[in-house]
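Number of protein chains: 2
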Amino acid sequence: MELAARKQKILSAIIETYIKTGEPVGSKSLISESGLDVSSATVRNEMADLTNRGFLIQPHTSAGRIPTQQGYRYYIDNIMSVTPVSQRGKEYIRSVLYENADSPESILQSASDIISQLTNFASVATTPNGEDSRIHKISFVQTGSHTAMAVVITSNGIIKTKIFRCEFIITPEILEVFDKALNDTFAGIKLSSINQPFIQTAAAHFGELSLFMPGVLMAIKDASQRAKDVSVCHSGYTKLLFMADVSFSAARGVAEFLNNEHDLARMLENLPIDTSVAIGRENSRIELAASTVVSTRYSIDSNPSGVLAVIGPLRMNYCRVISILECVSECVGAMISELIEI
Amino acid sequence: MELAARKQKILSAIIETYIKTGEPVGSKSLISESGLDVSSATVRNEMADLTNRGFLIQPHTSAGRIPTQQGYRYYIDNIMSVTPVSQRGKEYIRSVLYENADSPESILQSASDIISQLTNFASVATTPNGEDSRIHKISFVQTGSHTAMAVVITSNGIIKTKIFRCEFIITPEILEVFDKALNDTFAGIKLSSINQPFIQTAAAHFGELSLFMPGVLMAIKDASQRAKDVSVCHSGYTKLLFMADVSFSAARGVAEFLNNEHDLARMLENLPIDTSVAIGRENSRIELAASTVVSTRYSIDSNPSGVLAVIGPLRMNYCRVISILECVSECVGAMISELIEI
DNA sequence: GGTTAGCACTCTAACCTTGAGAGTGCTAAA
DNA sequence: TTTAGCACTCTCAAGGTTAGAGTGCTAACC
Numbered sequence: 040m041e042l043a044a045r046k047q048k049i050l051s052a053i054i055e056t057y058i059k060t061g062e063p064v065g066s067k068s069l070i071s072e073s074g075l076d077v078s079s080a081t082v083r084n085e086m087a088d089l090t091n092r093g094f095l096i097q098p099h100t101s102a103g104r105i106p107t108q109q110g111y112r113y114y115i116d117n118i119m120s121v122t123p124v125s126q127r128g129k130e131y132i133r134s135v136l137y138e139n140a141d142s143p144e145s146i147l148q149s150a151s152d153i154i155s156q157l158t159n160f161a162s163v164a165t166t167p168n169g170e171d172s173r174i175h176k177i178s179f180v181q182t183g184s185h186t187a188m189a190v191v192i193t194s195n196g197i198i199k200t201k202i203f204r205c206e207f208i209i210t211p212e213i214l215e216v217f218d219k220a221l222n223d224t225f226a227g228i229k230l231s232s233i234n235q236p237f238i239q240t241a242a243a244h245f246g247e248l249s250l251f252m253p254g255v256l257m258a259i260k261d262a263s264q265r266a267k268d269v270s271v272c273h274s275g276y277t278k279l280l281f282m283a284d285v286s287f288s289a290a291r292g293v294a295e296f297l298n299n300e301h302d303l304a305r306m307l308e309n310l311p312i313d314t315s316v317a318i319g320r321e322n323s324r325i326e327l328a329a330s331t332v333v334s335t336r337y338s339i340d341s342n343p344s345g346v347l348a349v350i351g352p353l354r355m356n357y358c359r360v361i362s363i364l365e366c367v368s369e370c371v372g373a374m375i376s377e378l379i380e381i
Numbered sequence: 040m041e042l043a044a045r046k047q048k049i050l051s052a053i054i055e056t057y058i059k060t061g062e063p064v065g066s067k068s069l070i071s072e073s074g075l076d077v078s079s080a081t082v083r084n085e086m087a088d089l090t091n092r093g094f095l096i097q098p099h100t101s102a103g104r105i106p107t108q109q110g111y112r113y114y115i116d117n118i119m120s121v122t123p124v125s126q127r128g129k130e131y132i133r134s135v136l137y138e139n140a141d142s143p144e145s146i147l148q149s150a151s152d153i154i155s156q157l158t159n160f161a162s163v164a165t166t167p168n169g170e171d172s173r174i175h176k177i178s179f180v181q182t183g184s185h186t187a188m189a190v191v192i193t194s195n196g197i198i199k200t201k202i203f204r205c206e207f208i209i210t211p212e213i214l215e216v217f218d219k220a221l222n223d224t225f226a227g228i229k230l231s232s233i234n235q236p237f238i239q240t241a242a243a244h245f246g247e248l249s250l251f252m253p254g255v256l257m258a259i260k261d262a263s264q265r266a267k268d269v270s271v272c273h274s275g276y277t278k279l280l281f282m283a284d285v286s287f288s289a290a291r292g293v294a295e296f297l298n299n300e301h302d303l304a305r306m307l308e309n310l311p312i313d314t315s316v317a318i319g320r321e322n323s324r325i326e327l328a329a330s331t332v333v334s335t336r337y338s339i340d341s342n343p344s345g346v347l348a349v350i351g352p353l354r355m356n357y358c359r360v361i362s363i364l365e366c367v368s369e370c371v372g373a374m375i376s377e378l379i380e381i
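Chains as they are written, first to last, in the working numbering: chain A, 40 to 381; chain B, 40 to 381.
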């Protein structure tokens, strides 16, 4: 549905005013604020039409108009143009991310923090999906007389550790045996194929050595599992409380959904590759029917990987949020790519 | 201030009814619910007296009474008796904690989770203070051609890792040199003395070897720092939203305080050793003036260590919360002690 | 002296009414 | 096609009313 130029202009002005003020926008206040060169009556006619077509609604007869989900959608798709973050802003973002650039997880946590800080909304970031990555190396560190830590390093740079316990006293020699046997067995194996049957087959393969191994094998399975699973960093959840135009019970629903890492990860996994905006009921989850999720994926070595997203009310400065997300995404992608190459 | 037996009985009945219902308790409804063998007029006289003495207040003239901070205090100190968690409950708690019993941190996270789940309030748990503990061992794991992970194990069983980067290509031989040199230097050193000057002295001591070491030394300093610092596990923060008798802005203040890990850790550090209840303004933090913090410390090898705490409204079932906290505390202490011995 | 029945009193919460203000849609004229 | 004008609608805030809950006080009772 194409809108005439003036209708677009009026829709745009209403949305931008509403985003700024949070108040329903009336015909009179609109012309005084946005410098449209027509009378309020003309604006009223246009508004009535935009309302009929579903771009605006009136909370009640004597109130101004506010944008509908469809109104925001049209604005985002056809009117809004995103200006990238300024050079100075970009440098600031990069410097903040750089402070904790040791591991993908810490970069993503910083990313989530800074997105939340800059947008003032809740923010989440997922680690790259490890479904296709493989075991690169397994190492062991003795941590006690009966305990040791397995360190699993994957081909996509994720490092997971797991402490395990043995019935017998651990010696450097035993760890060496573990190291050799397990790297022989696991190196190059896809994380997704390390499941219970695989572990059992491996144990059988080790013969009598396997008697020593239940703890080790479970530790490796656990660490591989966690390396494969997408984990979710988040920041600024308390900011959800201050989404004024959302009811208390809706905020409660959102908070509970976000705290359920499993469901959240699944929803984030299904988001598209490009920057996208899911407004209200466009979201796949009913809990988010009164929220907007703006998301993008960062790329590692040009392959789209994890998600960065902002969760906020429908009424948000989409331009600003998208530009921040894209800037952080670019920096995160570059940093993680660099981290893995080395 | 000692209260006569009947006054105690009435105060107790009012508090217990109020905790259950959340409604101000009137003289008439009190006798019908709590089986006191006197008339409502007598109860009214006693209530008037308890109000004069500061144990109760009336929200307004025509409402019933609700307990004041002082009322709760008297109830907790002189009336309430805590019945320990049932055997079955205890077994349940232990089994949940056992699922993730690899490290102190994971035990404490599970502890926080289960406390929040059982009490339906927000819960926090701190790791043991590492101020007095020492470096037990440092190990290295190669993670990339230019990166490696330092693993710092402390005398109190905390294990921290930190990835660092070197300008040169890392080989097993180099890591061996690091291992030897650094264990010689750091083993037995108190975490609290590993600061910037110490690192510089150590670097000077290494002579030309130190040129290779800036990344390593910083990694060890960082890991030691984190092993020393108390870290805070938390759970159920969203439950703060549903504390009905607290205003929205107060909930906001609490949420923001809890999200500030540094201030929160400092407050928790200053809590007493025994189980304690800080009601409303008894809390050291102004943000918690409308909340109650119930806390206890778990003991590692009979030494009081970190804190387990519940943060909720004044109106909570203190009996139940205290018994749950003490039960979890006992289990956590035993598990961490066991973990370290091994 | 402690306890109780009775009663006047107070206060809130819920409801209604009212008026001001904001914004609209429609109509007729430009 | 645009605009001025106007009657209309609806919300919000303020003020008023009523029912109900709970109180404190007094006088009688044990």
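Cβ atoms here follow ideal geometry from the backbone N, Cα and C, with glycine treated the same way. Predicted, not measured: the structure shown is a model, and the values here were computed from it.
Comparing alpha-carbon positions, which option in A:Ser376, A:Val360, A:Thr210 and A:Val371 lies nearest Leu136 of chain A?
-> Here the closest residue by C-alpha is A:Val371.
Take Ala87 of chain B as the anchor and find which of B:Leu75, B:Gly319, B:Ala241 and B:Ala102 has the nearest alpha-carbon.
-> Per the Cα distances, B:Ala102.
Beta-carbon spacing of Ser330 of chain A, Gly351 of chain A below 8 Å | Yes, Cβ-Cβ distance for Ser330 of chain A and Gly351 of chain A is below 8 Å.
Nearest-angstrom Cα separation, counted from Gln235 of chain A out to Ser194 of chain A = Straight-line measurement puts the Cα of Gln235 of chain A at about 21 Å from the Cα of Ser194 of chain A.
Would you please verify whether the beta carbon of Ile115 of chain A is less than 8 Å from any beta carbon of chain B?
-> No, Ile115 of chain A lies away from the interface with chain B (no Cβ there is under 8 Å from its Cβ).
Which class does Gln97 of chain A belong to by DSSP, given the choice of helix, strand or coil?
-> Three-state DSSP puts Gln97 of chain A in coil, outside helix and strand.
Of the residues B:Ile174, B:Ile213 and B:Lys199, the one placed nearest Asn222 of chain B, counting alpha carbons only | Measuring from the Cα of Asn222 of chain B, the nearest candidate turns out to be B:Ile174.
Is the stretch 41-48 of chain B close to the stretch 140-153 of chain A, with three or more CB pairs under 8 Å?
-> Not touching, per the Cβ criterion.
Length-filtered (4 minimum) alpha helix (DSSP H) runs lying within the stretch 92-152 of chain A = Counting only runs of 4 or more, we get 108-113 and 126-137.
Given Asn298 of chain A as reference, the closest of A:Gly345, A:Ser315 and A:Ser274 once Cα atoms are compared | The closest CA to that of Asn298 of chain A, considering only A:Gly345, A:Ser315 and A:Ser274, is found on A:Ser274.
Which listed residue (B:Val64, B:Leu280 and B:Arg133) has its alpha carbon closest to that of Gly292 of chain A | In this structure, B:Leu280 is the residue among B:Val64, B:Leu280 and B:Arg133 with its C-alpha nearest to the C-alpha of Gly292 of chain A.
Return the chain-ordered list of same chain residues with a C-beta closer than 6 Å to the C-beta of Cys205 of chain A, the five sequence neighbours on each side being excluded.
-> If we look at Cys205 of chain A and ignore the five residues flanking it on each side, its Cβ neighbours are His185 and Gly254.
For a contact meaning CB atoms closer than 7 Å, what does Ser142 of chain B contact in chain A?
-> Near Ser142 of chain B (Cβ distances below 7 Å), the residues of chain A are Ile202.
State the Cα-Cα distance for the pair Lys59 of chain A and Lys48 of chain A, rounded to the nearest angstrom.
-> Looking at the backbone, the Cα of Lys59 of chain A and that of Lys48 of chain A are separated by about 16 Å.
Below 8 Å between beta carbons: does that hold for Gly196 of chain A and Leu378 of chain A?
-> Gly196 of chain A places its beta carbon less than 8 Å from that of Leu378 of chain A.
Considering only C-alpha positions, which residue in the set A:Leu347, A:Phe245, A:Val180 and A:Glu300 is nearest to Asp268 of chain A?
-> Among A:Leu347, A:Phe245, A:Val180 and A:Glu300, the Cα nearest to that of Asp268 of chain A belongs to A:Glu300.
Under the three-state DSSP convention, the category Arg37 of chain B falls into = Residue 37 of chain B is absent from the structure shown; chain B starts at 40 and stops at 381.
Are the C-beta atoms of Leu280 of chain B and some chain A residue less than 8 Å apart?
-> So yes, Leu280 of chain B belongs to the interface.
Where the alpha helix (DSSP H) containing Met257 of chain B begins and where it ends = Run containing Met257 of chain B: Pro253 to Lys267, per the alpha helix (DSSP H) assignment.
DSSP on Thr210 of chain A, reduced to helix/strand/coil?
-> In this structure, Thr210 of chain A counts as coil in the three-state DSSP scheme.
Taking Cβ positions only, does Glu252 of chain A come closer than 8 Å to chain B?
-> It should be pointed out that residue 252 of chain A corresponds to Met in this sequence rather than to Glu. False, the Cβ-Cβ gap to chain B never drops below 8 Å.
Please determine, among B:Ala220, B:Cys272 and B:Ile105, the residue with the shortest C-alpha to C-alpha distance to Ala386 of chain B.
-> For chain B, the structure presents residues 40 to 381; residue 386 of chain B sits outside this window and is missing.
Whether Thr107 of chain B touches Ile115 of chain B by CB criterion (8 Å) = No.
For Ala294 of chain A, which residues in chain B fall below 8 Å Cβ to Cβ?
-> Near Ala294 of chain A (Cβ distances below 8 Å), the residues of chain B are Thr277 and Leu280.
Compare the C-alpha of Ser323 of chain B against each of B:Pro123, B:Ile177, B:Phe296 and B:Met374 and name the closest.
-> Taking only the C-alpha atoms, the option nearest Ser323 of chain B is B:Phe296.
Does Ser178 of chain A get closer than 8 Å to chain B when you measure Cβ to Cβ?
-> Closer than 8 Å to some Cβ of chain B, the Cβ of Ser178 of chain A qualifies, so yes.
Who pairs with Val349 of chain A in a beta bridge, going by DSSP?
-> DSSP output for Val349 of chain A lists A:Ser162 and A:Val333 as bridge partner(s).
CB-CB under 7 Å to Arg112 of chain B, same chain, minus the five flanking residues each way: which ones, in chain order?
-> Cβ within range, chain order: Ile318.
Contacts of Ile198 of chain A in chain B (Cβ-Cβ under 9 Å) = Within chain B, the residues near Ile198 of chain A are Val180, Thr182, Met188, Thr200 and Ile202.
Mind checking Ala189 of chain B: buried by the 16 CB within 10 Å criterion, or exposed?
-> Counting Cβ neighbours within 10 Å, Ala189 of chain B comes out buried, since at least 16 surround it.
Inter-residue spacing [alpha-carbon to alpha-carbon] between Thr277 of chain B and Ser338 of chain B | The alpha-carbon atoms of Thr277 of chain B and Ser338 of chain B are separated by roughly 29 Å.
Under a Cβ-count criterion, where at least 16 other Cβ atoms within 10 Å of its own Cβ denotes burial, should Gly74 of chain B be classed as buried or exposed?
-> Its Cβ having fewer than 16 others within 10 Å, Gly74 of chain B is exposed.
Give a yes or no on whether the C-beta atoms belonging to Ser315 of chain A and Thr166 of chain A are separated by under 8 Å.
-> By the CB criterion at 8 Å, Ser315 of chain A and Thr166 of chain A fall outside the cutoff.
Consult DSSP for Arg45 of chain A and reduce its assignment to one of helix, strand or coil.
-> When DSSP states are grouped into helix, strand and coil, Arg45 of chain A belongs to the helix group.
For chain A, is any of its Cβ atoms less than 8 Å away from the one on Ile192 of chain B?
-> Closer than 8 Å to some Cβ of chain A, the Cβ of Ile192 of chain B qualifies, so yes.
State yes or no: is the C-beta of Lys260 of chain A within less than 8 Å of the C-beta of Ile228 of chain A?
-> No, these two residues do not count as a Cβ contact at 8 Å.
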